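Visitor: My numbering runs 48 ahead of the 1-based position in the sequence shown.
Heads up, the beta-carbon is just placed ideally off N, CA and C, and yes, glycines get one too.
Just so you know, these numbers come straight off a predicted model, no measurement behind them.
Take this structure, written in structure tokens, and hold onto it; I'll ask about it next.
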Amino acid sequence: MTETKHFESQVIHAGQSHEPVTGAVMPPVFLTSTYAQSSPGVHSGYEYTRSHNPTRYALERCIARLEGSALSEEDDASFGGFALSSGMAAVNTVLELLDTGDHVVAMDDLYGGTHRLFNKVKKRSSGLNFTYADLTDLDALKEAVTDQTKLIWVESPTNPMLKLVDLHGIVEFAKDKDILLACDNTFATPALQHPLAIGFDIVMHSATKYLGGHSDVVAGILVTGSKDLAERIRFVHNSAGPVLGPFDSYMVLRGIKTLALRMKQHCTSALQIAQWLQAQKGIKKVIYPGLPSHPQHDIAKNQMSIDGEVAGGGMITFILDGGLEASRAFLENVSIFSLAESLGGVESLIEHPAIMTHASVEPAVREKLGIDDGLIRISVGIEHFGDLIADLEHALSKCI
49 MTETKHFESQ VIHAGQSHEP VTGAVMPPVF LTSTYAQSSP GVHSGYEYTR
99 SHNPTRYALE RCIARLEGSA LSEEDDASFG GFALSSGMAA VNTVLELLDT
149 GDHVVAMDDL YGGTHRLFNK VKKRSSGLNF TYADLTDLDA LKEAVTDQTK
199 LIWVESPTNP MLKLVDLHGI VEFAKDKDIL LACDNTFATP ALQHPLAIGF
249 DIVMHSATKY LGGHSDVVAG ILVTGSKDLA ERIRFVHNSA GPVLGPFDSY
299 MVLRGIKTLA LRMKQHCTSA LQIAQWLQAQ KGIKKVIYPG LPSHPQHDIA
349 KNQMSIDGEV AGGGMITFIL DGGLEASRAF LENVSIFSLA ESLGGVESLI
399 EHPAIMTHAS VEPAVREKLG IDDGLIRISV GIEHFGDLIA DLEHALSKCI
């Protein structure tokens, strides 16, 4: 088969082959829990769906290739890709690679669910220790790492403050320290950013977001390019059982087929909207990696791109004058944007992090990060940006 070199082709063909019995161009949904054996222990590679499923393998192999894993089928059955029941199941699986007493350095600005898992579950149940640092400052990372540090957990861009981390700098610092490097690549996706190619060990996604892309499935992804790590993750994946079901695997794989097209539209519209927001009265600040005003814009130019051009992603955060009262009036007066949690779908979403996605983060931490009552986060969909701007303009007129 001719090698697919361009991302637009890879999302269709990477890791895929026609179904061998019928020639189906899309993998069938194999809704079976178990598989017949011709003799005890003699089978065709499938025994039980928690361990093996052809539909899940198709998704896992696709995202593994998109994220840059070069593992062969002989190295790992799904090329180092793993599909899980949610993004949080994926995060938890990475933490299960650690031992009691291990230390984790994590980004200070994290998705609220990740922060909750770290602080209120794994610290208690697994005896893990966490230090949160502003990893946009590599000196802060150096100060946070100890002899017990076994994992550095990065989000870039972060949720919701859209901070960017210099992934090359993290790799350079940690390369001789026997520390696992994991990057939550949910906001950027492999359309924009490739942490494995930079030197990270594990990439994680909430596939609920841009990979699925249609707000109709909950799923998580892990990818590694290391044979040893793939074996360790597969052991936890099978032993603990947080696997993605066949139908949901099919849904995410179908969503990935249009990822290249969708991300271009998300990024193009988001830049237009961010530029418009910057010019509006009643808005204190606009945070968007594609704007020169973003404090890590140079990092965006270095590690986030589409077709060789800087790409800021589909997420925008901005701060309204007037605090909670203004925020409520604004959010109650959008109509094209849906007031809802989550992100990355074809439809545009808008939310209030302090009350919604990050309510589980301690108030003092939210205050330190800047997640205040005037903070709004939007996920720009694939609608025409002019209609989206008109919707925001109407809502803004109701709160200033």
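Suppose the cutoff is 6 Å on Cβ atoms and the five residues either side in sequence are ignored; what does the same chain contact list for GLN85 look like?
Guide: HIS91
Visitor: Beta-carbon within less than 7 Å of ALA118's beta-carbon, same chain only, minus the 5 sequence neighbours each way: which residues are those?
Guide: GLY273.
Visitor: Whole angstroms is fine: what's the gap from LYS333's alpha carbon to ILE424's?
Guide: 10 Å
Visitor: Buried or exposed, going by whether 16 or more other CB atoms sit within 10 Å of the CB of ARG172?
Guide: exposed
Visitor: Just the C-alpha distance for MET155 and VAL202, rounded to the nearest angstrom, thanks.
Guide: A direct Cα-to-Cα measurement between MET155 and VAL202 gives close to 6 Å.
Visitor: Which word fits GLN64, buried or exposed, when buried means at least 16 other C-beta atoms lie within 10 angstroms of its C-beta?
Guide: Buried is the call here.
Visitor: Let me know the secondary structure DSSP gives ILE265 once reduced to three states.
Guide: It should be noted that the sequence gives Val, not Ile, for residue 265. In the structure shown, VAL265 sits in coil (DSSP, three-state: anything other than H, G, I, E or B).
Visitor: Whose C-alpha, out of ARG98, THR148 and ASP123, is nearest the C-alpha of ALA131?
Guide: ARG98
Visitor: Give the secondary structure of ILE331 by DSSP, where H, G and I count as helix, E and B as strand, and everything else as coil.
Guide: Collapsing the DSSP output to three states places ILE331 in a strand.
Visitor: Quick check on the burial criterion: 16 or more other C-beta atoms within 10 angstroms. Buried or exposed for GLN241?
Guide: Flag for GLN241 reads buried.
Visitor: Cα separation between VAL142 and GLU108?
Guide: 16 Å
Visitor: How should ASP249 be labelled, buried or exposed, when 16 other C-beta atoms within 10 angstroms of its C-beta is the threshold for buried?
Guide: buried
Visitor: Which word fits ALA453, buried or exposed, when buried means at least 16 other C-beta atoms lie within 10 angstroms of its C-beta?
Guide: Outside the displayed span of the chain (49 to 448) sits residue 453, for which this structure offers no information.
Visitor: Starting from VAL251, trace the alpha helix (DSSP H) both ways and give me its first and last residue.
Guide: Where VAL251 is concerned, there is no enclosing alpha helix (DSSP H), although the beta strand (DSSP E) it sits in stretches over 250–254.
Visitor: How would you label ALA308, buried or exposed, when you count the other beta carbons within 10 angstroms and need 16 or more for buried?
Guide: Under this definition ALA308 is a buried residue.
Visitor: Short check: CB of SER263 to CB of ASN233, under 9 Å?
Guide: no
Visitor: On the CB-based measure, 16 or more other CB atoms within 10 Å of its CB, does VAL69 come out buried or exposed?
Guide: It counts as exposed.
Visitor: Between the segment 415–431 and the segment 362–370, are three or more C-beta pairs nearer than 8 Å?
Guide: yes
Visitor: Using CA atoms only, rank isn't needed, just tell me which of LEU436, ASP276, LYS312 and GLY260 is closest to GLY297.
Guide: For the sequence presented, residue 297 should be read as Ser rather than Gly. Of LEU436, ASP276, LYS312 and GLY260, the residue nearest in Cα terms is GLY260.
Visitor: Taking the alpha-carbon positions, what's the HIS100 to HIS406 distance?
Guide: 35 Å
Visitor: Measuring straight from C-alpha to C-alpha, what distance separates GLY293 and VAL266?
Guide: 10 Å
Visitor: Can you grab the Cα-Cα spacing for the pair ASN167 / PHE178, in whole Å?
Guide: 8 Å
Visitor: Exposed or buried, which one is PRO340 when buried takes at least 16 other CB atoms within 10 Å?
Guide: exposed
Visitor: Where does HIS395 fall in DSSP's three states?
Guide: The sequence given here places Glu at residue 395; His does not occur at that position. Reduced to three states, the DSSP call for GLU395 is coil.
Visitor: What does DSSP give as the partner residue(s) for MET348 in the beta ladder?
Guide: Checking the displayed sequence, the identity of residue 348 turns out to be Ala instead of Met. In the DSSP output, where bridge partners are listed per residue, ALA348 has none listed.
Visitor: Contact defined as beta carbons within less than 8 Å: I believe ASP124 pairs with GLN196. What is the distance between those atoms, to the nearest angstrom?
Guide: Rounded, the Cβ-Cβ distance is 29 Å, inconsistent with contact.
Visitor: Would you check if the distance between the CB atom of GLY161 and the CB atom of SER386 is smaller than 9 Å?
Guide: At a Cβ-Cβ threshold of 9 Å, GLY161 and SER386 do not count as neighbours.
Visitor: Please classify GLY116: does DSSP put it in a helix, a strand, or coil?
Guide: In this structure, GLY116 counts as coil in the three-state DSSP scheme.
Visitor: Check TYR298 in the structure and name its three-state DSSP category.
Guide: helix
Visitor: Taking 9 Å as the cut-off, decide whether the C-beta atoms of ALA443 and LEU379 are in contact.
Guide: Their beta carbons are under 9 Å apart, which means ALA443 touches LEU379 by this criterion.
Visitor: Have a look at the DSSP bridge pairing and note the partners of ARG425.
Guide: THR365 and GLU399
Visitor: In whole angstroms, give me the CA-to-CA distance for PHE283 and ILE347.
Guide: Between the alpha carbons of PHE283 and ILE347 lies a gap of roughly 36 Å.
Visitor: So who's on the other strand from GLY129, going by DSSP bridges?
Guide: In the DSSP secondary-structure assignment, GLY129 is bridged to VAL271.
Visitor: Can GLY135 and LYS257 be called in contact, C-beta distance under 9 Å?
Guide: Yes, the Cβ-Cβ distance between GLY135 and LYS257 is below 9 Å.
Visitor: Which residue from GLY422, LEU146 and ASP185 puts its Cα closest to that of ARG376?
Guide: GLY422
Visitor: Measure how close the beta-carbons of LEU114 and ALA62 come, nearest whole angstrom, since I'm counting them as under 8 Å.
Guide: 6 Å
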